[in-house]
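Let me begin by presenting the structure, written as structure tokens, before commenting on it.
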Amino acid sequence: MTGAALTVLGIETSCDETSAAVVRGVPGGSTELRSCVILSQDVHRVYRGIVPELASRAHLTAVAPVVDRALVDAGLAVRDLDLIAVTEGPGLVGALLVGVSYAKGLALAADRPLVGIHHLEAHLFGTALEDPAAVPPFVGLVISGGHTLLIDVPAWGHYRLLGETRDDAVGEAFDKVGALLGLGFPGGPAIEREAARGDPSRYRFPRPMVHRGAGQRAGDPDWLDLSMSGLKTAVVHAVRDVRDLEAERPHLARGFQDAVIDVVRIKVERALELTARPRVVLGGGVACNRALRAALAGALAARDVTVHAPSPRIATDNAAMIARAGLFRHAEAGAPVDADSRLPFPGLTRGASPEPPRP
Ligand code: KG4
Ligand code: ZN
3 MTGAALTVLG IETSCDETSA AVVRGVPGGS TELRSCVILS QDVHRVYRGI VPELASRAHL
63 TAVAPVVDRA LVDAGLAVRD LDLIAVTEGP GLVGALLVGV SYAKGLALAA DRPLVGIHHL
123 EAHLFGTALE DPAAVPPFVG LVISGGHTLL IDVPAWGHYR LLGETRDDAV GEAFDKVGAL
183 LGLGFPGGPA IEREAARGDP SRYRFPRPMV HRGAGQRAGD PDWLDLSMSG LKTAVVHAVR
243 DVRDLEAERP HLARGFQDAV IDVVRIKVER ALELTARPRV VLGGGVACNR ALRAALAGAL
303 AARDVTVHAP SPRIATDNAA MIARAGLFRH AEAGAPVDAD SRLPFPGLTR GASPEPPRP
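Using the working numbering, the first residue of the sequence shown is number 3, and each one after it goes up by one.
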């Protein structure tokens, strides 16, 4: 499906990043990222976690200048846009409301069409902005602070949920263990730095839900689902027993990170056994983790499967992926757009046949 090129403004305010971006491209064809502005809210560091009310207030002051900057960087005015795309969910409802209200106002004032975008679907689109090969069919792995999803993507718009976390998201586990180790918020980047100088043999933490024992076969939900809570508890106990946390921190970080990487790699390998897809596409903040990317790429090369990972600015929350998803969903412009913290994933099925009808 190709057509005329469209210029799309994306707006993202679902969590703690205020972002706007302009993407120009052909739906179903090539795309060009014209600008991307991301303002990360620093205020949450003080509280070691995201405070929803503070996030909403920070979006309120940031959204207009961030959108203006994205337009200026792209050398465009609002009248040059063919479409405005905004995250309508899932996320923090107050934070979503700021972006959705602003986008509605802009669309009305400038008489431009508006389309609502699902934040997690957009994470699947982000990588293709930088890497044209990151397109279906693929196994998608969205690993962020709020979500952990393993999804089969035979074609854009057709998604089969293969596995998800039973408890904490992978990024959430990084953040909680980071706090335990006294590394501040967010924990992921700091744990990766510490782990790089850690001894991998000092701590051997459990790999939850990976054993091929009874009740663990392809077809059982446990086969592809993930769990982080047992691993987190094991780290809690280890930290309690430690005399010199300063000295042990890199080794604890390494032990934790290695366990997470093993679990994620094994689940991705199982997803590939089931789907036989030729590539894996990563999205979400944890996709920044270089050790995880290297472990996946190394393990999957033997299966002739390529791993496509976004750069940090596209991995973490950003509006470029929202604009890119807007390009795909442009025909839905005009439908009602409302902030919805629990917005269902469009086109997502569980379990059943993944193949879409042939065009
Ligand atoms: O996608 P994102 O920006 O926000 C959400 O939608 O949640 O992801 C943020 C998450 C945080 O949990 C952070 O600790 C994690 O991504 N993260 C990392 C790394 N960089 C960010 N986790 C592990 N290693 C990293 N290098
Ligand atoms: Zn996200």
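We put the beta carbon where it would ideally sit given N, CA and C, even for glycine.
All values derive from a computational prediction rather than experimental measurement.
Legend entry - Whole alpha helix (DSSP H) elements within the stretch 266-309, 4-residue minimum: 292-303
Legend entry - Arg352: CB within 8 Å of a non-hydrogen atom of ligand 1: On the sequence shown, residue 352 is found 350 positions in, with the first residue counted as 1. No, Cβ of Arg352 sits at least 8 Å from all heavy atoms of ligand 1.
Legend entry - Where Gly31 falls: helix, strand or coil (DSSP): In the sequence shown, residue 31 corresponds to position 29, counting from 1. Gly31: coil per DSSP, three-state reduction.
Legend entry - Opening and closing residue of the beta strand (DSSP E) in which Val117 lies: Position 115 of the sequence shown, counted from the start, is the residue given in the question as residue 117. Looking at the DSSP string, the run of the beta strand (DSSP E) that includes Val117 is Leu116 to His120.
Legend entry - Inside the stretch 212-266 only - alpha helix (DSSP H) runs reaching at least 4 residues: 231-243
Legend entry - Delimiting residues of the beta strand (DSSP E) encompassing Arg352: Translated into positions along the sequence shown, residue 352 becomes position 350. Leu350 to Arg352 is the extent of the beta strand (DSSP E) around Arg352.
Legend entry - Residue environment, Pro338, which counts as buried when at least 16 other CB atoms sit within 10 Å: As a working mapping, residue 338 is identified with position 336 in the sequence shown. Exposed, by the Cβ-count rule.
Inset, instruction - Determine contact between the stretch 37-45 and the stretch 3-21, defined as no fewer than three beta-carbon pairs at a distance below 8 Å. - result: yes
Inset, instruction - May I ask which residues mark the beginning and end of the beta strand (DSSP E) holding Val10? - result: Position 8 of the sequence shown, counting from 1, holds the residue named residue 10. Leu8 to Glu14 is the extent of the beta strand (DSSP E) around Val10.
Inset, instruction - Counting only the same chain and skipping the five closest in sequence on each side, list residues whose C-beta sits under 6 Å from that of Ala175. - result: Walking along the sequence shown from the start, residue 175 turns up at place 173. Closer than 6 Å at the Cβ level, and outside the excluded window around Ala175, lie Met230 and Lys234.
Inset, instruction - Considering only heavy atoms of ligand 2, list every residue whose Cβ is less than 5 Å from one of them, following chain order. - result: Ser146 and Asp319
Inset, instruction - For the alpha helix (DSSP H) holding Arg71, just list the boundary residues, first then last. - result: For the purposes of this step, residue 71 is identified with residue 69 of the sequence shown, where counting begins at 1. Pro54 to Ala76 is the extent of the alpha helix (DSSP H) around Arg71.
Legend entry - Arg344 (DSSP reduced to helix, strand or coil): In the sequence shown, the residue the question calls residue 344 occupies position 342. DSSP places Arg344 in coil when its eight states are reduced to three.
Inset, instruction - Could you tell me if Ala278 is buried or exposed, where buried requires 16 or more neighbouring beta carbons within 10 angstroms of its beta carbon? - result: To locate residue 278, count along the sequence shown from 1; it is residue 276. Exposed, since its Cβ has fewer than 16 Cβ neighbours within 10 Å.
Legend entry - Close Cβ partners of Val283 (< 7 Å) along its chain, the five nearest in sequence each way excluded: Here the question's residue 283 lines up with position 281 in the sequence shown. Hits under 7 Å: Leu126, Thr129, Ala136, Phe140, Gly142 and His310.
Legend entry - Contact set for Ser37: own chain, Cβ-Cβ below 7 Å, skip 5 residues either direction: On the sequence shown, position 35 is the one that residue 37 refers to. For Ser37, where only same-chain residues beyond five positions count, the Cβ hits under 7 Å are Ala23, Val24, Ala72, Asp75 and Ala76.
Inset, instruction - Using DSSP bridges, identify the partner residues of Phe140. - result: As a working mapping, residue 140 is identified with position 138 in the sequence shown. Val155, per the DSSP bridge assignment.
Inset, instruction - Return the CA-CA distance between Cys290 and Ala317, expressed in angstroms with no decimal places. - result: Position 288 of the sequence shown, counted from the start, is the residue given in the question as residue 290. Position 315 of the sequence shown, counted from the start, is the residue given in the question as residue 317. When rounded, the distance between both Cα atoms is 6 Å.
Legend entry - Cα-Cα separation, His120 to Arg50: Counting from 1 along the sequence shown, the entry for residue 120 is found at position 118. Counting from 1 along the sequence shown, the entry for residue 50 is found at position 48. Each residue's Cα considered, the two are about 27 Å apart.
Legend entry - Proximity winner among Ile13, Glu14 and Arg26, relative to Gly329 (alpha-carbon distances): The sequence position of residue 329 within the sequence shown is 327, counting from 1. Here the sequence assigns Leu to residue 329, which means Gly is not the residue at that position. Comparing Cα positions, the closest option is Arg26.
Inset, instruction - Taking Ala111 as the reference, give the member of Ile86, Leu94, Thr351 and Thr63 with the closest Cα. - result: Indexing the sequence shown from 1 puts residue 111 at position 109. Minimum Cα distance to Ala111 is reached at Ile86.
Legend entry - Other residues of its chain near Met95: CB distance less than 7 Å, five sequence neighbours each side excluded: Along the sequence shown, one-based indexing puts residue 95 at 93. According to the sequence provided, residue 95 is Val. The question's Met does not apply to it. Closer than 7 Å at the Cβ level, and outside the excluded window around Val95, lie Ala341 and Ser343.
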